[in-house]
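Numbering-wise, the UniProt record's numbering puts 287 at position 287 of the sequence shown, and it's gapless, one number per residue. Beta carbons: idealized from backbone N, C-alpha and C, even for Gly. All of these numbers come straight from a predicted model, not from anything done at the bench. The structure appears right after this line, and notes come after that.
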Amino acid sequence: MNATNHVKRECQDFFDYVCKNNTLIGSDNGNIESIFAKPSNSGETHQSELVKSEENMIMKFFTKTNKEKSRTLKLPKTEAPNSLDFSAFNQTHADITLLNNTLIRLFSKPRNHFHDSKYKNNVRMSIVQILQSYSFNVEIQTFSFPRKFIWNAKNVIGIMPSPNYEKPHDRIVVIGGHYDTLEGVPGVDDNGSGSVFVLEAARLLSKYKKQLNATIYFILFDEEEMGLEGSIAFVDDYLVPKVLNAKKGQFFGAYIADMLLLFDDEPNSQSVEPGLKYLCPDAYEWMSNNSFRGDFISVVSRDADLFLWKIFKESWDEIDENRYKTMLIKAPLAANYYSMQLENKGSFFRSDHASFWTAARSNDHIDTLPAVVLTDLGPWRGYQRKCYHQPCDNTIQLTETNLKFLAKTIDSTVGSVLKIAKIKETTESV
């Protein structure tokens, strides 16, 4: 009886918006040129804040907690509303006009429970609507976590099933990024860029429904900024028990996006995290030879994840726009959670990929789950040196150059998934 009432309440929350408001929120004025909001005058870097957050992150992963289990609501499939007709946009590559429009409409204001919970919920409903427009299975994972206050947070899960969906040995690929922000922070780069990365990859890959031999999960994580809470809930309470254990799925890997928008090709626009020179000498040498320009997307990987990097790099090199580069940061970490030597390595755990890397902490039968994080290195680059987690992480960054930079990362990820999932040969006669 309680479960039934809960589902009714959840459905009411979702369908009041999704079914009655078939429009995306926000302005229709999605031009390529920036809305030039004045940035914050704060020129301070946030290195001390970052070091502290890294220490807290390590403590989080290596301290057992009694977190409440999450619950999942499967939403019924709906017909794609006319307001979500994407036919005018590029059907084979990421469309920078669509990226710009979506960033302005959905991801240019704070998405934080304390700042404006109603706005955040509306953004979440629009994400649901977009994923439903591709005829994906869409689920909402609700979870709570202890802090000074306790509230329900929600991951949005879009599923593009393979022909082997929910059968043993179905291959599983995840494309994910968090959609929440800190209070008062618009979060256009952190992590509006990662959110549109997931949605645009979903749009492009939806053209291959029933043609791939892997089920693709498109995840918008909640509460990353509170300590990767959404991705931990997804791995511990959804992916492992419901997909890998119960359905015997075969996890292939995850591409996680966290800040993908900022391109800066000025020499010395790229700073280096403390210790990187010694922990990742190859990456440091690459950046030094590149005159410390912030003109690349970094891919953070362990040895256990290198195959994901190699596939991504191959896809990246197949695309024009040679001014945009990519480089590997290979974390000197063992695959298994219990074998990781963590001293001075907290920076490798600052995004949602870490929840996959440390899956064994709650699942002793799993060695690790391969994952890489794609990032512009956030607070260590150009404009974000002063605007990381600040109100000036805003739409001033929506330049054509930055949007094309983001588009290449999306196209490379889509190409990687197509290589992984091996498009089935069609035998239809012409």
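The Cβ atoms of A407 and H93 lie closer than 8 Å to each other. M259 is positioned such that its CB atom lies closer than 8 Å to that of N191. Only buried fits S347, as 16 or more other CB atoms lie within 10 angstroms of its CB. In the DSSP assignment, Y179 is bridged to no other residue.
Between A335 and R302 the beta-carbon gap is near 6 Å, inside 8 Å, which marks them as a contact. In this structure, S362 keeps its C-beta atom at 8 Å or more from the C-beta atom of Y238. Annotation for M340: no beta strand (DSSP E) segment contains it, and DSSP assigns it neither H nor E. Classified as exposed, L342 has fewer than 16 neighbouring CB atoms from the shown chains inside 10 Å of its CB.
Taking 8 Å as the cut-off, the Cβ atoms of I219 and I140 do not count as close.
A distance below 8 Å between beta-carbons, with the five flanking residues on each side excluded, links D95 to the following residues of its chain, in chain order: F89, E200, A407.
The DSSP-derived three-state label of M327 is strand. In the DSSP assignment, Y217 is bridged to I159, V174. In this structure, the alpha-carbon of T215 lies about 24 Å from that of E224.
Here the alpha carbons of E183 and E314 stand approximately 38 Å from one another. Out of R203, L244, A331, the CA that lies nearest to the CA of Q132 is found in R203.
A Cβ-Cβ distance of about 7 Å is found for the pair K345 and L279, placing them in contact under the 8 Å criterion. In the displayed model, F348 falls within a helix according to three-state DSSP. Exclusion of the five residues before and after T375 leaves D258, M259, S298 as the residues of its chain whose Cβ lies within less than 6 Å of its Cβ. Around the Cβ of D364, a 10 Å sphere holds fewer than 16 other Cβ atoms; the residue is exposed. For S416, the three-state secondary structure derived from DSSP is helix. Contact check for P379 against A304 fails: the beta carbons are separated by 8 Å or more.
The Cβ-Cβ distance between S135 and K77 falls below 8 Å. For T142, the pairing in a beta bridge is given by DSSP as R71, K154. For L374, no alpha helix (DSSP H) encloses it; the enclosing beta strand (DSSP E) starts and ends at 371 to 375. When the alpha-carbon of V198 is set against those of K118, N402, R381, Y255, the nearest one is in Y255.
With fewer than 16 other Cβ atoms inside 10 Å of its own Cβ, S288 counts as exposed.
Excluding the 5 residues flanking it on each side, Y165 has same chain C-beta neighbours closer than 7 Å at T215, in chain order. Taking a cut-off of 8 Å on C-beta distances, the stretch 242 to 252 touches the stretch 169 to 180, as three or more cross pairs fall below it. The C-beta separation of H178 from D352 comes to about 6 Å, placing the pair in contact by the 8 Å criterion. In terms of Cα proximity to Y119, the closest of F145, I130, L106 is L106. One alpha carbon belongs to S416, the other to E229, and they sit about 27 Å apart. The C-alpha of W286 is placed about 25 Å away from the C-alpha of W357.
Setting aside the 5 residues that flank it on each side, L333 is surrounded in the same chain by R302, M340, K345, F348, each with a C-beta closer than 7 Å to its C-beta; the list follows chain order.
Contact check for L308 against G253 passes: the beta carbons are separated by less than 8 Å. When the Cα atoms are used, H389 and F221 turn out to be separated by approximately 18 Å.
For S288, the uninterrupted alpha helix (DSSP H) segment begins and ends at 281 to 289.
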